[in-house]
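Novice: Just dropping this structure here.
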Amino acid sequence: MTNAHGEPDTTGAPHPTGHPAVTRLYARLVVSDGARAIDFYRDALGAEESERYTGPDGRIVHAMLRLGAAAIAVKDADAGDPPPTSLGGSR
Numbered sequence: 050m051t052n053a054h055g056e057p058d059t060t061g062a063p064h065p066t067g068h069p070a071v072t073r074l075y076a077r078l079v080v081s082d083g084a085r086a087i088d089f090y091r092d093a094l095g096a097e098e099s100e101r102y103t104g105p106d107g108r109i110v111h112a113m114l115r116l117g118a119a120a121i122a123v124k125d126a127d128a129g130d131p132p133p134t135s136l137g138g139s140r
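Going by my numbering, the first residue of the sequence shown is number 50, and it counts up by one from there.
This is how it looks when you write it as structure tokens:
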């Protein structure tokens, strides 16, 4: 949703349909080695890690990266979120 100037509406006002407005949207990447992927995104793309949460086993359950104005989330694959390779994708 945009304001009268064509800029994103960040007021948090509900959408005319009565549903809340989407104020933040980002991709979540499920990878087989989250720590290694984050290092790669940092080195190759200049990503900055803003948060990281790990489970008791040390696996990343959520990490947020900033790439300029964009944001992406990264997490280690698990039973609920299988790695792309298990679905015929690449790592």
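Where is the CB? At the ideal position from N, CA and C, for every residue including glycine.
If you count every other CB in all the chains shown that lies within 10 Å of the CB of Gly83, and 16 or more means buried, which is it?
Specialist: Label assigned to Gly83: buried.
Novice: Work out the CA separation of Val80 and Ala118 for me, nearest whole Å.
Specialist: So the alpha carbons of these two residues sit roughly 22 Å apart.
Novice: Please give me, in chain order, every unbroken run of the alpha helix (DSSP H) with length at least 4 that falls completely inside the segment 56 to 121.
Specialist: DSSP runs (the alpha helix (DSSP H)) wholly in the segment 56 to 121: 83 to 94.
Novice: Would you tell me roughly how many angstroms separate the C-alpha atoms of His68 and Ala122, rounded to the nearest one?
Specialist: His68 and Ala122: Cα-Cα distance of roughly 25 Å.
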